[in-house]
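Q: What the sequence shown shows, in the working numbering, is residues 163 to 340, in sequence order. Cβ atoms here follow ideal geometry from the backbone N, Cα and C, with glycine treated the same way. One structure coming up, written as structure tokens, with questions to follow.
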Amino acid sequence: TDVSAIQLEIGFGGGEHLLHRATAAPQTGFIGVEPFVNGMAKLMMAVREKPLANLRVYDDDATRLLDWLPPASLDGIDLLYPDPWPKKKHWKRRFVGPVNLDRFARVLKPSGRFRFASDIDTYVNWTLLHCRVHGAFTWQARDAADWHRPYDAWPGTRYEAKALREGRQPAYLTFVRT
């Protein structure tokens, strides 16, 4: 299938967001990464019912795929509600960090977008700090309320719904590759 852009979603969970985006944008190629069999199985069941020619999946560590992809090959990367590793001693396991931001910077095209959503304030702050320090990304917030507004055509996720039920405010960050 010929596509005009390629998007990567890291850790797609059950695949609801990925399916929504791939269905809504058939001219865009989507790569979904999910190492856990339950999430992969859920997505595969949905794709079996409604095949999507613009969707590819990878069932291993996202860093391996990022290392394999050619430079400047992606138009966007979504990291939505990743494991927050809330204990300070585990923060080094968080997906957002200098090494993975280097990977993102390498595979994103100039002006490509890195989108990050989370309801964990410490991880939101962590991501803002790491992207600012990294230097290859510019945060796209226009005003103070901007990062609390969901992305355009946002279908929501089950983790977002859980956060809202539990009284946590999600944040939606967008960074552009400079």
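When you compare the stretch 196-215 with the stretch 172-181, are there three or more beta-carbon pairs, one atom per stretch, that lie closer than 8 angstroms?
A: Yes: the two stretches touch, three or more of their Cβ pairs being nearer than 8 angstroms.
Q: Around the C-beta of P213, are 16 or more other C-beta atoms found within 10 angstroms, so that it is buried, or is it exposed?
A: Locating residue 213 in the sequence shown gives position 51, counting from the first residue. With fewer than 16 other Cβ atoms within 10 Å, it is exposed.
Q: Is it right to say P246 is buried, meaning 16 or more other beta carbons lie within 10 angstroms of its own, or is it exposed?
A: Mapped onto the sequence shown, residue 246 falls at position 84. Answer is buried; the Cβ neighbour count reaches 16.
Q: Using only CA atoms, which one of A303, G177 and S166 lies nearest to T319?
A: Position 157 of the sequence shown, counting from 1, holds the residue named residue 319. With distances taken between Cα atoms, T319 lies closest to G177.
Q: Run the CB neighbour count on A279, radius 10 Å, all protein chains shown included, and call it buried at 16 or more, exposed below.
A: Counted from its first residue, the sequence shown places residue 279 at position 117. Residue environment analysis places A279 among the buried positions, since at least 16 neighbouring C-beta atoms fall within 10 angstroms of its C-beta.
Q: At a cut of 8 angstroms, does the stretch 257-267 reach the stretch 180-187 through at least three beta carbon pairs?
A: no
Q: Round the Cβ separation of I282 and D237 to the nearest angstrom and send it over; I've been treating them as touching at under 8 angstroms.
A: Here residue 282 is taken as the residue at index 120 of the sequence shown, counted from 1. Here residue 237 is taken as the residue at index 75 of the sequence shown, counted from 1. Here I282 is actually not in contact with D237; their C-beta atoms are around 27 angstroms apart, not less than 8 angstroms.
Q: Within a Cβ cutoff of 7 angstroms, which residues of the same chain sit near T340, ignoring the five residues on either side of it in sequence?
A: By one-based count along the sequence shown, residue 340 stands at place 178. Cβ neighbours of T340 beyond the five flanking positions: A298, F299 and T300.
Q: For R275, which option in C293, A323 and P260 has the closest C-alpha, if you only look at C-alpha atoms?
A: Walking along the sequence shown from the start, residue 275 turns up at place 113. For R275, the closest alpha carbon among the candidates C293, A323 and P260 is that of C293.
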